[in-house]
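> Residue numbers (the working numbering): 100 to 380. We put the beta carbon where it would ideally sit given N, CA and C, even for glycine. This is the structure I have questions about; it appears just below.
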């Protein structure tokens, strides 16, 4: 968890907005450090977290989270974290070696045409077991053992590489948003990786990450877009992140944007206004 980023977003584990979709994207840079931030943030907030590890393994996230002061192993043992390790499960699914809940969630690996219903059912079952609407409250939706549920997806564009259509991914995201954010008042954080330059003309391929990014942008409340520096590599500045808060006032969208530069450290990251880093002063 990065305190400087919390200050920029005006949030903390003790006080954060619920019912939001947060979209993280990158271009010519690596935004995965923000995924680590939100994972540790929501675990420290006491939320029930469902993590779809499409791009990285559990051991990878566990090692990084340990440096951020969070034990993913303990979170899993307590039932606070449910981690679907797609990298580990995919081979068994393709070879039809298992028939457990995880393999049913990944049915699309055998046949992308079936869509992501199985993956959505896995998410719904995971977040519904968050203590929301338990016996003590008569099922009216108040929080039980854990705080509001959170769904994290480390790279939705991996699904496109596996043959799933953009439309199916957007439908999956919409249904997850309705369940997690609208019904259970939880949050979603998704990562989308973009290829090439932002001003390049699209080649008409409707299955690209650009269409996915545009579709998700219309759903989200907050976007964090990470890019490389326009001037090229710098040892002391790793890139820049544009933060955009999307609000609706009188049925009209109103966006507030701020641009920051950042540097990733071994145990965190620093954020500063463009041109104010000690490296350029």
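Using C-beta distances below 6 Å, list every residue in its chain close to residue 157, excluding the 5 sequence neighbours before and after it, in chain order.
Along the chain shown, one-based indexing puts residue 157 at 58. Here the set comprises 182, 184.
> Kindly indicate the opening and closing residues of the beta strand (DSSP E) around residue 114.
Start at 1 with the first residue of the chain shown, and residue 114 comes out as number 15. Note, residue 114: premise wrong, no beta strand (DSSP E); not H, not E.
> Quick check on DSSP: helix, strand or coil for residue 207?
Indexing the chain shown from 1 puts residue 207 at position 108. Here residue 207 sits in helix by DSSP.
> Give me, in chain order, the residues of the same chain whose beta-carbon lies closer than 8 Å to that of residue 304; leave out the 5 immediate sequence neighbours on both sides.
The residue given as residue 304 occupies position 205 in the chain shown. Confidence is the limiting factor: at residue 304 the pLDDT is only 44, short of 50, which leaves the residue's position unreliable, though a coordinate-based value still follows. Cβ neighbours of residue 304 beyond the five flanking positions: none.
> Are the stretch 307-314 and the stretch 100-109 touching, with three or more C-beta to C-beta distances below 8 Å?
The stretch 307-314, when compared against the stretch 100-109, does not touch it at the 8 Å Cβ threshold.
> To the nearest angstrom, report how far apart residue 162 and residue 367 are at their CA atoms.
Stepping through the chain shown from its first residue, residue 162 is reached at position 63. Stepping through the chain shown from its first residue, residue 367 is reached at position 268. Distance between the alpha carbons of residue 162 and residue 367 is about 13 Å.
> Determine contact between the stretch 285-294 and the stretch 113-123, defined as no fewer than three beta-carbon pairs at a distance below 8 Å.
Yes, the stretch 285-294 touches the stretch 113-123.
> For residue 340, tell me which candidate among 177, 334, 326, 346 has the shortest Cα-Cα distance.
As a working mapping, residue 340 is identified with position 241 in the chain shown. Ranking the options by Cα distance to residue 340, first place goes to 326.
> State the beta-bridge partners of residue 359 as determined by DSSP.
For the purposes of this step, residue 359 is taken as the residue at position 260 of the chain shown. In the DSSP output, where bridge partners are listed per residue, residue 359 has 340, 372.
> Return the chain-ordered list of same chain residues with a C-beta closer than 8 Å to the C-beta of residue 124, the five sequence neighbours on each side being excluded.
By one-based count along the chain shown, residue 124 stands at place 25. Answer for residue 124: 130, 290, 291, 292, 293, 312, 322, 323, 324, 325, listed in chain order.
> Tell me where the beta strand (DSSP E) around residue 184 begins and ends.
Along the chain shown, one-based indexing puts residue 184 at 85. Note, residue 184: beta strand (DSSP E), 180-184.
> Let's see if you can read the secondary structure: which residues bound the beta strand (DSSP E) around residue 153?
Stepping through the chain shown from its first residue, residue 153 is reached at position 54. That residue, residue 153, is in no beta strand (DSSP E); it is neither H nor E in DSSP.
> Considering only the alpha carbon of each residue, which of 149, 264, 256, 258 lies closest to residue 226?
Counting from one through the chain shown, the residue named residue 226 turns up at place 127. It is 149.
> Quick one: what does DSSP say residue 264 is sitting in, helix, strand or coil?
The count along the chain shown starts at 1 and reaches residue 264 at position 165. In the structure shown, residue 264 sits in coil (DSSP, three-state: anything other than H, G, I, E or B).
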